[in-house]
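*Asks:* My numbering puts the sequence shown at residues 3 to 376. Backbone N, C-alpha and C define an ideal beta-carbon position, used for all residues, glycine too.
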Amino acid sequence: MKDSARLTPGSNLITRRQVLKMAAAAGATLASAPFAPAFAQTRSVSLVLPWVVNGSNYWPIVGKAKGFFKSRGIDLSVSRGNGSVASAQAVGNKQFDFGVVFFGGTLVNAARGLPLQAMATVGYDALMGNIVLADSPIQAPKDFEGKRVGIVATSAEAPYWPAFAAKTGIDLNTVTRQQLDARMIERALMEKQVDAITAIGSSSLPVLSSLNVETRFIPWAKSGVGLYAAQIIALRDTINADPGLCQAMVDGILESVLYTLKNPEESLEILYKDQPEIALAKGGKDNARISQGLAQATMLADEAVNNGLGYSDIGKVADMIKLASQAGALPADGKLPVAEELVSNRFAGKIKLAADDLALIRGNVAPYLKMIGA
3 MKDSARLTPG
13 SNLITRRQVL
23 KMAAAAGATL
33 ASAPFAPAFA
43 QTRSVSLVLP
53 WVVNGSNYWP
63 IVGKAKGFFK
73 SRGIDLSVSR
83 GNGSVASAQA
93 VGNKQFDFGV
103 VFFGGTLVNA
113 ARGLPLQAMA
123 TVGYDALMGN
133 IVLADSPIQA
143 PKDFEGKRVG
153 IVATSAEAPY
163 WPAFAAKTGI
173 DLNTVTRQQL
183 DARMIERALM
193 EKQVDAITAI
203 GSSSLPVLSS
213 LNVETRFIPW
223 AKSGVGLYAA
233 QIIALRDTIN
243 ADPGLCQAMV
253 DGILESVLYT
263 LKNPEESLEI
273 LYKDQPEIAL
283 AKGGKDNARI
293 SQGLAQATML
303 ADEAVNNGLG
313 YSDIGKVADM
323 IKLASQAGAL
333 PADGKLPVAE
343 ELVSNRFAGK
353 IKLAADDLAL
363 IRGNVAPYLK
373 MIGA
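1) Do you know whose CA, among A122, E271, K194, D183, lies nearest A232's CA?
2) Going by beta-carbon coordinates alone, are S212 and D288 separated by less than 9 Å?
3) So for P339, helix, strand or coil by DSSP?
4) Helix, strand or coil: how does DSSP classify T2 here?
5) Measuring only the C-alpha atoms, how far is R150 from K372?
6) I'd like to know whether the C-beta atoms of I76 and L247 end up nearer to each other than 9 Å.
7) When the Cα of K224 is compared with those of R179, M186, L360, F166, which residue comes out closest?
8) Excluding the five sequence neighbours on either side, which residues of its own chain have a C-beta within less than 7 Å of the C-beta of E342, listed in chain order?
9) Could you tell me the alpha carbon to alpha carbon distance between R179 and L78, rounded to whole angstroms?
10) Report yes if the C-beta distance between G65 and Y261 is below 9 Å; otherwise report no.
11) Taking the beta carbon of M130 as the centre, do at least 16 other beta carbons fall within 10 Å, making it buried, or is it exposed?
12) Excluding five sequence neighbours on each side, which residues of the same chain lie with their C-beta closer than 6 Å to the C-beta of V345?
13) Which residue or residues does DSSP assign as beta-bridge partners of L132?
14) By the three-class DSSP mapping on this structure, what secondary structure does M121 have?
15) Decide if the stretch 275-290 is in contact with the stretch 190-198; the criterion is three or more beta carbon pairs, one per stretch, under 8 Å apart.
16) For the stretch 213-293, which segments carrying the beta strand (DSSP E) assignment without a break, of at least 3 residues, lie completely within its bounds, in sequence order?
17) Beta-carbon within less than 7 Å of F146's beta-carbon, same chain only, minus the 5 sequence neighbours each way: which residues are those?
18) For V209, name the three-state secondary structure that DSSP assigns.
Written as structure tokens, this is what we have:
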């Protein structure tokens, strides 16, 4: 997939008066007609994903193929990322106009001083947790005591393992922590080199499942140790200077998300066409299907069901910031972000889930909710 020319935030910005004039000419605002075209002329816009294109993050590519961005006057280029922290930093450094990254990556960069803001939440659980083999004797948190737990020190969930232990009464002095390479952590569990691993479920569970390894996932969010997952982010300067573009991007991405929720199999075919190496790789299609299902299972939180797609609970965000600070996941010399400044609902909630759609989507994600212990 080739990227088209990137637009630096702040260039070719339209004024608020121009946005209102175009909305009036169309006879509706984006709030009342979120699928309406946003601009009279096509604009090139760049977006970075949190990681390589896969089943958990490819919905902007589906939206591009279906014309959801073109209908809004946006010529979208989508680039792979190298982790949410790096992708959020790239948006903060104006290498990309927008990003889709996990909340933890945005939070770290905001603490470092980058003026980023999440405009909408797509996934409501980063799926931090432990994975054990299906026949493991580990059933409850205290069962980790006396066991070997594999962990990748630089992984997104690693700082929160002690927080989960503290919440659930695990004595970490009795647990053997085994440092593992990110490329070997699933194999270490398969070969029983460790009794459990810490992981992001949407990353490790598809790998293990595609290899026909039966596992159980122990989610930390059930114990109050959880973060939001994918969010749509931009620089605050971009948001303040070009709200029309930001609304169009949020609406286009969320329309793409809704399409994949309602049409998971058709959406995967678009992914395979755009990224043929996925379909050609051994287990690639299974991995994509499972990672899509797990990501979608995190999208039906009360926030989205009750308030519309993209809506964030600012109170929960404040609790997540506090959790990250106490876990030592933020720069020691950084400034603690303010929830209301870091996350906004200004552009969210325009697309509502109809009752029929909600029933269909819940049926689609039911097997994956079971995989993550929900």
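*Replies:* So, from the data block:
1) A122
2) yes
3) coil
4) Past the boundaries of the shown model lies residue 2; the chain is included only from 3 to 376, so the question cannot be answered.
5) 25 Å
6) yes
7) F166
8) I316
9) Roughly 44 Å between the two C-alpha positions.
10) A distance below 9 Å separates the beta carbons of G65 and Y261.
11) Buried, since its Cβ has 16 or more Cβ neighbours within 10 Å.
12) A120, S314, V319
13) As written in the sequence, residue 132 is Asn, which differs from the Leu given in the question. Paired residue(s): T200, I220.
14) Note: M121 maps to strand in three-state DSSP.
15) At 8 Å Cβ cutoff, the stretches do not touch.
16) The qualifying runs are 217-221, 232-237.
17) Scanning its chain for C-beta atoms nearer than 7 Å, with the 5 sequence neighbours on each side dropped, one finds around F146 the residues I140, I172, V177, A198, in chain order.
18) In the structure shown, V209 sits in a helix (DSSP, three-state: H, G or I).
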